[in-house]
Amino acid sequence: MTTFPPQKSTAHDRRRCYCLNPNCKQPENPGNAAICESCGSQLLLSDRYRAIKPIGQGGMGRTFLAVDISQPSEPRCVIKQFFPQQQGTNNRQKAAELFRQEATRLEVVGKHHQIPELLAYFEQDDHQYLVQQFIDGENLAQELTKKGPFKEVEIRQLLQSLLPVLQFVHSQQMIHRDIKPENIIRNRRDGKLVLVDFGAAKYATETMLGRTGTVIGSAAYTAPEQVKGKAIFASDVYSLGVTCIHLLTQIPPFDLSDTSEDTWVWRHFLKTPVSKQFGSILDKMLQTGTKRRYQSADEVLQDLNGRSLPTTKRNSKKKWLIAGAFLLFGYAGVRYLASPVVEMVTQQIEKQPSLTEGSLFAIVDGQQQVFPLKHTEVVAKVTGNVSRVEVTQTFENPFNNPLEAVYKFPLPDEAAVDDMEIKVGDRIIRGVIKKREEAKQIYEQAKQEGKTAALLDQERDNIFTQSLANIKPGEKIDVTIRYSESLKFEKGNYEFVFPMVVGPRYSSGNSTNNQGNTNLTDTSQINPPTLPAGSRSGQDIGVTVEIEAGVPVKEVRSPSHQIRTTQDGRIMRVELSKENAIPNKDLILRYQVSSAQTQSTVLSEADERGGHFATYLIPAVEYQSNEIVPKDVVFLMDTSGSQSGPPIEQSKELMRRFINGLNPGDTFNVVDFSDSATQLSPIPLPNTPQNREKALNYINRLDANGGTELFNGIQTVLNFPAAPEGRLRSIVLITDGLIDQDQQAIAEIKKRLKPGNRLYSFGVGSSVNRFLIDRLAEEGRGTSEVVPPRESAQKVVEKFSQQINNPVLTNIEVNWEGSGKAPQIYPTKPPDLFANQPLVLFGRKGDRAKGTLRITGIVAGGKRYEKKLPIEFDGGGNSAIAQLWGRARIKDLMNEIYAGENPNNVKAVTDTALAYRLLSQYTSFVAVTEEVRVDPKKTQQVQVPVETPEGMNAEATSRQNGNVPLLSQAPPPSKALVASKPTASKMPFSQPALVATKPVASKVPFSQPAPSAANSVPLSSPAQPSTQSSAPDPVPEPSQILGNILAVLMLGMYFAWKRLKGLKSTPPRN
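With my numbering applied, the sequence shown covers -6 to 1063.
Structure, rendered in structure tokens:
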């Protein structure tokens, strides 16, 4: 919760009384008043507690300094009023339960003299209240600001004082979960430290909150397992350790950790070094792995109070172990080098079995290949309007040589990707965000050194590349990616989407970057290799979505997949019916909430970067149908080869219903495009029965073939003049959007769409380019809709007719009323709103000063609309709000960059992405192991192919789509490569992806066959039936075998003797 500096209660304060009615306009009253002079509310709580003034406000309530007039001395106390910041939201019931739980916890732990005592808990005037003991003093964050860094002796005293408090809390089976300097107050009366704010605490046996998707605690001080919803007693120890090093250094905790090495570097910032013994204690408190960390406060106290840390003896034994290991490996290395080299002769089997859908391998140029991506597991936790998603990709090396895997995959185009980590064995290495070129250089250098490294790049807003270098033979590595996203919703209808496959993109053959946009990714980087129809790459996917809406969820359905649902308390859990599904179509999950009355929601949070907020507003306006402006409708229909089969039939059905649903005063025309564009008529046609029949006959004759030359269709409609006075021109685009020049198309609409013209886009197919579909509609001031296979065309058209006929709010402006500088709000130009659509805004205010957003606009018919939303910042809140603001800012800037790259905009995107730890086209995540794990000379590279999207006729798609790659052998380590600045390769993915010192652009089009096996290295897989025959292995001589056995036995006896001797000389632990 937000806390304010302590203020002394003066005589003037005691002569005042504060009204607790949240809607009171003038809450201050004379001290002897019983009834509020402004609103008439009762001023005394429970006939004894009188509020003096507000001292804080958080996500669940307001806090007031008060006095207890039932006692002669009128002692001060603190009143906390349940008043959730998100007024009228679906989470109110959950928040009320959390407030009651806080009162229960305080009643238990408040008996400790270093925890505020609960004096009362009651309800009055439909509000919950709890009354606590008032702690008069400063918190440690304020002390740090005034006095500077703490000394070692002061931190020792802090631990001696607080660890017994933690012992008591944990003995009650309770975990605090929010230990930080702001929540530790030094009592002025006796100087003792008091632990406050148990609003985030939970019992160790509770599990519900861990599955809601809400991260409890302050991010900088939160233990890794707590971030994942698995807080344990040791989590509080970790948070206390972070608090200590922050107080010692006065440096923000995030800056005290080197994420590239997954180590703490707090000692670098010390003005005065701490003792070795005390530093070891802090290091153990800060261990990210729970097994290596202190398990309890008692363990820390024992070491702090003089239990000797086993350093010298263990270090001595460790030295002997290391020396012995070097000796053993050195001996084995000599034996290996001295052994004879036997040449292996291989012969490829000519005939291979055909592939089926269940195959775990693919046939490429007659070779059986096993691909390294085995499984993707998706876990999404939806709370209200925000989802937190964790995607874990499991790679396994099925070959006998080290492997580099390259995999292109989709994520939602609005996703704020803010975390990546790899798990190698039992060790987790968290990725660090870097500028794209810098991350690439770190990755390449690590790869050449034989270290395992991961690189995550963003090619488009919805296309990403995961590179994983130096996977050992037979080894399994998990790559986990996390992101937050704001769900799309209309009234009480919510939609969660997880894309599963990157559809093959059409290239016209002259793909280039936007004008001057040298840093945007090459269009060849977005086409992954695609397997032939009917074949499998061996990968599958599992998805679990947990929905915590705060109110009952109903009508959970998926138009794309078969699902099963289970209710677990407040959580609705949704899973794919087929646990290991084939990732060849996007998952679409839709549901409704029981209460759809909410018109506005405000979410906020605050951290060291400022205050952030998100607003969701559905305007409540009324208008008459005769106020609707007549339209000239132009239907722009994709008839390219990628639409062949079910998509083109679905598009035709949509067109038929669109035509029959036009208003009497509308005109229309039809433009279809593939290699070229044709029109139904050179002029708009009035909406008459004869013209509708003419249009329907034209639509029925259309067929799907040729390339997706979207620009042919777009250029046609962009050449139309501005809409006539008093009319609107509506362009309705129907396509899958699978082109490589999507950014250029967005730029064209942004620059050239004339006044009075609106563009509405519909994505048809199982895996459409949602990035293009959505962004064209946004820049075209219209709406977008994705129509999955088997979706009812009638419902889609009915919804669209309601929207296109009801542009309910236009000319929207957002202004700030309040102190300080106005917040940065995105999008900078709010879109027009149609029926049932929400206005979604993300804002940041550096000074965190509260205020009011004033939103104005023009309702259909010319009426003026105005709505005011109060904005207040919570010290905690949902940390995803800050990330979503950063993502919204990047999106706004990138729209400008698509139209023409500007150095200032590029710098703004890069700086925002680095500050908010966000993936972008200018920043990447990179993670590297410390140790050298493989011989880089033997590393092979393979690009993981993707499935053909369901329903797509692969043979009818564009002539420029990717093909299946071959394995390639990496070159020897190159000093030039490590030292030089890496550049993006323009090599098509149909060829072997050779790792070259200086990549050059290839002029071989995608339609050409992949290079022959001369460039490939056939590899056998230990996990699959061998496709090669070979000569038998050489048999070692008996003398060699005997020598090896004797050496191992001698070393084993030696180490056993040293261990026995070390154990005998080690003193017993107290």
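Glycine included, C-beta positions come from ideal geometry on N, C-alpha and C.
Between Q74 and R93, the CB-CB gap reaches or exceeds 8 Å. In the DSSP secondary-structure assignment, S479 is bridged to V379. Taken through DSSP and simplified to helix, strand or coil, L112 comes out as strand.
Y122 sits close to L38, with the two beta carbons spaced by under 8 Å. Taking 8 Å as the cut-off, the beta carbon of T701 is found no closer than this to the beta carbon of S754.
DSSP places G234 outside any beta strand (DSSP E); the residue lies instead in the alpha helix (DSSP H), whose first and last residues are F226 to T242.
The shortest C-alpha to C-alpha distance from K747 to any of N762, L721, N176 and I890 is the one to L721.
Distance from the CA atom of A770 to the CA atom of I724, rounded to whole angstroms, is 10 Å. In summary, A446 is buried, with 16 or more beta-carbon neighbours lying within 10 Å of its beta-carbon over all protein chains present.
Inter-residue distance for V382 and S917 is about 19 Å (C-alpha atoms, whole angstroms). Apart from the 5 residues on each side of it in sequence, V538 sits with its Cβ closer than 7 Å to the Cβ of A373, V375, F489, V567 and L582 in its chain, given in chain order. Between the alpha carbons of G730 and L765 lies a distance of about 6 Å. For L366, the three-state secondary structure derived from DSSP is strand. For V789 against E772, the beta-carbon gap comes to about 22 Å, at or over 8 Å, which does not count as contact. Note that the segment 875 to 886 touches the segment 903 to 912; at least 3 beta-carbon pairs, one per stretch, sit closer than 8 Å.
Burial of E865 is indicated by the presence of at least 16 other C-beta atoms within 10 angstroms of its C-beta. Nearest in C-alpha terms to R550, of all of E686, E784 and P640, is E784. Scanning its chain for C-beta atoms nearer than 6 Å, with the 5 sequence neighbours on each side dropped, one finds around S812 the residues A842, in chain order.
Looking only at I48, M887, A599 and V586, the smallest Cα-Cα distance to S872 is reached by A599. The beta carbons of Y231 and M278 sit closer together than 8 Å. Residue state for A906 is assigned as helix, using DSSP reduced to three classes. A buried status is given to D255, since no fewer than 16 other beta-carbon atoms sit within 10 Å of its beta-carbon. Residue pairing by DSSP puts A59 in a beta bridge opposite A44 and C70.
Here E452 is buried, its C-beta having at least 16 other C-beta atoms within 10 Å.
Put simply, of K401, D735, E646 and A738 the residue whose alpha carbon is nearest the alpha carbon of P782 is E646. Rounded to the nearest whole angstrom, the C-alpha separation of K571 and F262 is 53 Å. Going by C-alpha positions, E389 is about 58 Å away from F115. Under the three-pair Cβ rule at 8 Å, the segment 410 to 424 counts as touching the segment 919 to 929. With respect to the 8 Å criterion, V902 and Y915 are classified as neighbours on the basis of their beta carbons. Within the same chain, Cβ atoms closer than 6 Å to the Cβ of T728 are found at D631, the five residues on either side in sequence being excluded. Of M493, T97 and V293, the smallest CA-CA separation from V384 is found for M493. Of the residues S250, V101 and F491, the one whose Cα lies closest to the Cα of E370 is F491.
Take the alpha-carbon of L155 and the one of K264: they are about 25 Å apart. Annotation for N16: C32 place their beta carbon closer than 8 Å to its own, counting only its chain and skipping 5 residues before and after. Nearest Cα to S553 within the set P929, A542, N693 and I575: I575.
Per DSSP, S593 lies in no alpha helix (DSSP H); the unbroken beta strand (DSSP E) holding it starts and ends at S593 to D600.
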